[in-house]
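I have placed the structure first, in the form of structure tokens, so that the comments after it can refer back to it.
In the working numbering, the protein residues as written are 721 to 958.
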């Protein structure tokens, strides 16, 4: 059985919470980044330890996972790793869980774990952040099934940002991307074009988050009905 706090945190995922990577800064030769969990870029509480799987890539591929600790302000994870001179680092928080629903509500587990299951889905949630030495080169790392690949590592106020949404390496045409800029009143939804390209007008200097979602009904087993993917790319605007 999960403890009540972990159960609460997992169930929030079902009802619309996001994970994202917030502020990034360098200090004493190491990069630091906040891994956050909440809604509309307001942190709730830290993701459970087995939920926050942090991975790091450099120019040559995956490197040693960052150190991490829970912090109070903002309430979430602090990830840290030594800067070894790479032109681009790509940081991910990757989580996977399976949930069922029956007459008693939502539960973490598979169809075989509960009776009278109405639905069971696997959920993959990913947060992504690109840390680029020149602020331009976004690198080419693609870790997850549902990816958002920007043409530039940082956003420029007053210009349109372009990024490609891909699923299993293939561009997603007319894909819905939920966008949010820090302190905005609400999300804004955009669509990719026929080549899977999202064009986004950058209107202010702030942290922006781009959230792509896709449900693959073909990815089912005897334990769950489908797999839902959510990827959140966070980017700073200069």
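Ideal placement from N, C-alpha and C gives every residue a C-beta, glycine not left out.
So if DSSP puts residue 844 in a beta bridge, which residue, or which two residues, is it bridged to?
As a working note, residue 844 is residue 124 in the chain shown. Answer is 816, 949, bridged to residue 844.
Roughly how many angstroms separate the alpha carbons of residue 977 and residue 785, rounded to a whole number?
Summary: the structure shown does not reach residue 977, with the chain confined to residues 721 through 958, and so no result is reported for it.
DSSP three-state label for residue 746, please.
If you number the chain shown from 1, residue 746 lands on position 26. In this structure, residue 746 counts as strand in the three-state DSSP scheme.
What did DSSP end up calling residue 833 once you bin it into helix, strand or coil?
Looking up residue 833 in the chain shown gives position 113. Helix.
Does the region 836-845 come into contact with the region 804-824, if we say contact requires no fewer than three beta-carbon pairs (one atom in each stretch) closer than 8 angstroms?
Yes: the two stretches touch, three or more of their Cβ pairs being nearer than 8 angstroms.
Please classify residue 858: is it buried, with 16 or more other beta-carbons within 10 angstroms of its beta-carbon, or exposed?
If you number the chain shown from 1, residue 858 lands on position 138. With 16 or more other Cβ atoms within 10 Å, it is buried.
Pop quiz: residue 929 and residue 740 are said to be a contact at Cβ under 8 angstroms. What is the actual Cβ separation, rounded to whole angstroms?
Position 209 of the chain shown, counted from the first residue, corresponds to residue 929. Position 20 of the chain shown, counted from the first residue, corresponds to residue 740. In this structure residue 929 is in contact with residue 740, their Cβ atoms being roughly 5 angstroms apart against a cut-off of 8 angstroms.
From residue 829 to residue 771, what does the alpha carbon distance come to, in whole angstroms?
Residue 829 sits at position 109 when you count from the first residue of the chain shown. Residue 771 sits at position 51 when you count from the first residue of the chain shown. Cα to Cα, the separation comes out at about 14 angstroms.
Between which two residues does the beta strand (DSSP E) harbouring residue 941 extend?
The sequence position of residue 941 within the chain shown is 221, counting from 1. Note, residue 941: premise wrong, no beta strand (DSSP E); not H, not E.
Is the distance from the Cβ of residue 812 to the Cβ of residue 775 below 7 angstroms?
By one-based count along the chain shown, residue 812 stands at place 92. By one-based count along the chain shown, residue 775 stands at place 55. Contact: yes.
Exposure of residue 854, with buried meaning 16 or more beta-carbon neighbours within 10 Å
Reading the chain shown from its first residue, position 134 is the one you call residue 854. Of the other Cβ atoms in all chains shown, fewer than 16 fall within 10 Å of the Cβ of residue 854; this residue is therefore exposed.
Pop quiz: residue 899 and residue 920 are said to be a contact at Cβ under 8 angstroms. What is the actual Cβ separation, rounded to whole angstroms?
Counting from one through the chain shown, the residue named residue 899 turns up at place 179. Counting from one through the chain shown, the residue named residue 920 turns up at place 200. Approximately 6 angstroms separates the beta-carbon atoms of residue 899 and residue 920; this is inside 8 angstroms, confirming the contact.
Quick one: residues in its chain with C-beta nearer than 7 angstroms to the C-beta of residue 803, no 5 flanking neighbours on either side, listed in chain order?
Looking up residue 803 in the chain shown gives position 83. Closer than 7 angstroms at Cβ, skipping near neighbours: 746, 749, 750, 751.
Within 7 angstroms, strictly: CB atoms of residue 947 and residue 866
As a first step, residue 947 must be located in the chain shown, where it is residue number 227. As a first step, residue 866 must be located in the chain shown, where it is residue number 146. Not a contact, by the Cβ cut-off of 7 angstroms.
State yes or no: is the C-beta of residue 914 within less than 7 angstroms of the C-beta of residue 882?
Sequence index remark: in the chain shown, residue 914 carries index 194 (1-based). Sequence index remark: in the chain shown, residue 882 carries index 162 (1-based). No, the pair does not count as a contact, with Cβ atoms beyond the cut-off.
Residue 895: buried (16+ other C-beta within 10 angstroms of its C-beta) or exposed?
Locating residue 895 in the chain shown gives position 175, counting from the first residue. When all chains shown are included, residue 895 counts as buried.
Residue 794 vs residue 834 beta-carbon contact at 7 angstroms:
The residue you call residue 794 lines up with position 74 of the chain shown. The residue you call residue 834 lines up with position 114 of the chain shown. Result no, Cβ atoms of residue 794 and residue 834 do not sit closer than 7 angstroms.
In DSSP terms, what residue 930 is bridged to
As a working note, residue 930 is residue 210 in the chain shown. Partner(s): 899, 953.
Can you grab the Cα-Cα spacing for the pair residue 924 / residue 837, in whole Å?
Counting from one through the chain shown, the residue named residue 924 turns up at place 204. Counting from one through the chain shown, the residue named residue 837 turns up at place 117. C-alpha separation (whole angstroms): 46 angstroms.
To the nearest angstrom, how far is the alpha carbon of residue 737 from that of residue 805?
As a first step, residue 737 must be located in the chain shown, where it is residue number 17. As a first step, residue 805 must be located in the chain shown, where it is residue number 85. The alpha-carbon of residue 737 is positioned some 34 angstroms away from that of residue 805.
Would you mind working out which of 816, 941, 759 sits nearest residue 906, comparing C-alpha positions?
Within the chain shown, the letter at position 186 stands for residue 906. With distances taken between Cα atoms, residue 906 lies closest to 759.
Tell me residue 791's beta-bridge partners as DSSP assigns them.
Position 71 of the chain shown holds residue 791. 796, per the DSSP bridge assignment.
For residue 893, list the residues DSSP reports as bridge partners.
If you number the chain shown from 1, residue 893 lands on position 173. Looking at the DSSP assignment, residue 893 forms no beta bridge with any residue, so it has no partner.
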